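Below is one structure, written out as structure tokens; comments come after it.
Chains as they are written, first to last, in my numbering: chain A, 3 to 115; chain B, 301 to 412.
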């Protein structure tokens, strides 16, 4: 069974601060995705990383896939209230044709104005 | 463009009553379809997935079942709901061969 642990579980910081959220597993994934979810809505895909060591930037968000494709991090620079939400990482199986995603435990981020 | 519709948005059902949640996808063919359940503010648990009409894989033993009567229709059902079936149910689709999911807006089910 593939498990993804996210840390921290909860994070509350002031607007303008930087933060990093971690997603760790003992399993290897063919790709890893990050989603953000607002209350009462479905998660929305932010990014997909595929190659070990890959770094992708989405405005103030920087995503990194670990070299061994077992872990990932999300760094937010100068956090804004609009960044508030539940952040979920999700890993795709390493078997070809297996598109099932295993979701992480989630990080609840609150940005205080 | 592709869209996914999930309904109802909110549902309150008594214990022992049946359940039917429907999800439809537009603008794509032969999608992978998924049903997830989410505990309050936490990660998602995969319940069922389907790679084609009539093909259903169950991930966890439970009081629920799924069906895919048409290519772009995915239904989650139960004959008799339990209190433990309460939760936020999410339908999602993906293109076969790719891993990005598009989620529906979810159904908040409360069993009373």
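Backbone N, C-alpha and C fix where the C-beta goes; we use that ideal spot for every residue, glycine too. Everything numeric in this text was worked out from a predicted model, so none of it was measured.
| Check | Outcome |
| --- | --- |
| Measure how close the beta-carbons of residue 348 (chain B) and residue 359 (chain B) come, nearest whole angstrom, since I'm counting them as under 8 Å. | 7 Å |
| Give a yes or no on whether the minimum CB-CB distance between residue 67 (chain A) and chain B is below 9 Å. | no |
| Please classify residue 392 (chain B): is it buried, with 16 or more other beta-carbons within 10 angstroms of its beta-carbon, or exposed? | buried |
| Between residue 400 (chain B) and the rest of its own chain, which residues show a CB-CB distance below 8 Å, the 5 nearest in sequence each way excluded? | 394 |
| Pairing CB atoms from the region 101-115 of chain A with CB atoms from the region 49-60 of chain A, are three or more of them under 8 Å? | no |
| Which residues does DSSP list as the beta-bridge partners of residue 94 (chain A)? | A:33 and A:103 |
| In terms of residue numbering, what span does the beta strand (DSSP E) encompassing residue 369 (chain B) cover? | 365-370 |
| List the whole-angstrom C-beta distance separating residue 344 (chain B) from residue 389 (chain B), where the pair is believed to meet the contact cut-off of C-beta under 8 Å. | Actually they do not touch by this definition, with Cβ atoms about 10 Å apart. |
| Would you please verify whether the beta carbon of residue 43 (chain A) is less than 9 Å from any beta carbon of chain B? | yes |
| Short of 7 Å in beta carbon distance, which residues of its chain neighbour residue 405 (chain B), apart from the five on each side in sequence? Order them along the chain. | 306 and 309 |
| So the beta strand (DSSP E) residue 133 (chain A) belongs to, where does it begin and stop? | The structure shown does not extend to residue 133 (chain A), since chain A is modelled only from 3 through 115, so no value can be given for it. |
| Only counting the same chain, and skipping five residues up and downstream in sequence, which positions put a Cβ closer than 7 Å to that of residue 16 (chain A)? | 114 |
| Just mark residue 402 (chain B) as buried or exposed, buried being the case when its beta carbon has 16 or more other beta carbons within 10 Å. | buried |
| Please report how far the alpha carbon of residue 62 (chain A) lies from the alpha carbon of residue 12 (chain A), in whole angstroms. | 20 Å |
| Rounded to a whole number of angstroms, what is the C-alpha to C-alpha distance between residue 98 (chain A) and residue 29 (chain A)? | Residue placement at residue 98 (chain A) is poorly supported in this model, since its pLDDT is 49, which falls under 50; the coordinates are not used for a value here. |
| Give the straight-line distance between the Cα atoms of residue 5 (chain A) and residue 94 (chain A), rounded to the nearest whole angstrom. | 11 Å |
| Quick one: grab the DSSP three-state call for residue 384 (chain B). | helix |
| Quick one, which of A:42, A:76 and A:20 has its alpha-carbon nearest residue 36 (chain A)'s? | A:76 |
| Quick check: is the beta carbon of residue 24 (chain A) nearer than 9 Å to any beta carbon in chain B? | no |
| Specify, as a first and last residue, the run of the beta strand (DSSP E) that residue 468 (chain B) falls within. | Nothing can be reported for residue 468 (chain B), as the shown portion of chain B is limited to 301 through 412. |
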